[in-house]
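Engineer: Before I ask anything, here is the structure I am working with.
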Amino acid sequence: MSRFKKLSHSLWHCQYHMVWTPKYRVRILEGEVRQEVTSCIRAFSEQKQCEVVELNVQKDHVHLIVMVPPKLSISDYMGIVKGRTAIRVFNKFRKLKTRPYWGNHFWSRGYCVDTVGLDAEKIRKYVKYQEAKERQVENKQQRLF
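So for the sequence shown, the numbering used here puts the first residue at 2; every next one is plus one.
Take a look at the structure:
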């Protein structure tokens with residue numbers, strides 16, 4: 002089985018590693034909010050024929066490895082995922098919208114994107130296990146105080 006996917010006139014294998022944060026990097030992505038964000042990202046990706054390879058929603062940021070077909074630009078994809086996810090989260094958790102410093106914005110403006118090449122497995126492991134490493138650091142910091 003080939004690692005390439007097919008469109009009507011092309012063979013492609015376009016994998017991207019993306020990272021983005023909530024506005025002001027507020028540690029809000031936990032519990033039900035985390036579940037909603039996760040399901041939204043998966044649903045909106047599927048609607049655009051994108052394949053989520055790895056997804057890790059942490060308290061203050063999101064890591065995503067996704068295969069995006071070449072007919073869809075990365076900026077369009079991120080606009081859809083961030084915009085529609087924010088709408089769904091604000092509709093489901095109306096209290097979040099009342100925070101005076103957020104206004105109508107759930108996510109910060111920018112994002113980080115990198116292409117995944119031959120080191121795909123290494124990046125995948127990083128995304129998958131980064132949360133565990135972050136917890137270890139937090140536990141060490143808590144013990145110091």
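Ideal placement from N, C-alpha and C gives every residue a C-beta, glycine not left out.
Please state if the CB of Val-117 and the CB of His-18 are separated by a distance shorter than 7 Å.
Structural biologist: Contact: yes.
Engineer: Should Ile-81 be listed as close to the ligand ADP, given that the test is whether its C-beta is under 6 Å from any heavy atom?
Structural biologist: Of ligands this structure carries none, so the ligand ADP is not represented either.
Engineer: Just reading off the alpha helix (DSSP H) that Thr-22 is part of, what are its end residues?
Structural biologist: Thr-22 -> no alpha helix (DSSP H), and no H or E assigned at all.
Engineer: Name the DSSP bridge partner or partners of Thr-116?
Structural biologist: Thr-116 is bridged to Tyr-17.
Engineer: Take Arg-35 and list the residues in its own chain whose beta-carbon comes closer than 6 Å to its own, dropping the five residues that flank it on each side.
Structural biologist: Here the set comprises Val-58.
Engineer: Please return the same chain residues whose Cβ sits closer than 6 Å to the Cβ of Arg-43, not counting the five positions on each side in sequence.
Structural biologist: Taken in chain order, the residues that qualify are Val-53.
Engineer: Exposed or buried, what is Tyr-130 when buried is set at 16 or more other beta-carbons lying within 10 Å of its beta-carbon?
Structural biologist: Exposed, because fewer than 16 other Cβ atoms sit within 10 Å of the Cβ of Tyr-130.
Engineer: Check whether the region 22 to 41 and the region 85 to 102 touch, using three or more Cβ-Cβ pairs below 8 Å as the test.
Structural biologist: The region 22 to 41 is in contact with the region 85 to 102.
Engineer: With which residues is Met-68 paired in a DSSP beta bridge?
Structural biologist: Answer is Gln-16 and Glu-52, bridged to Met-68.
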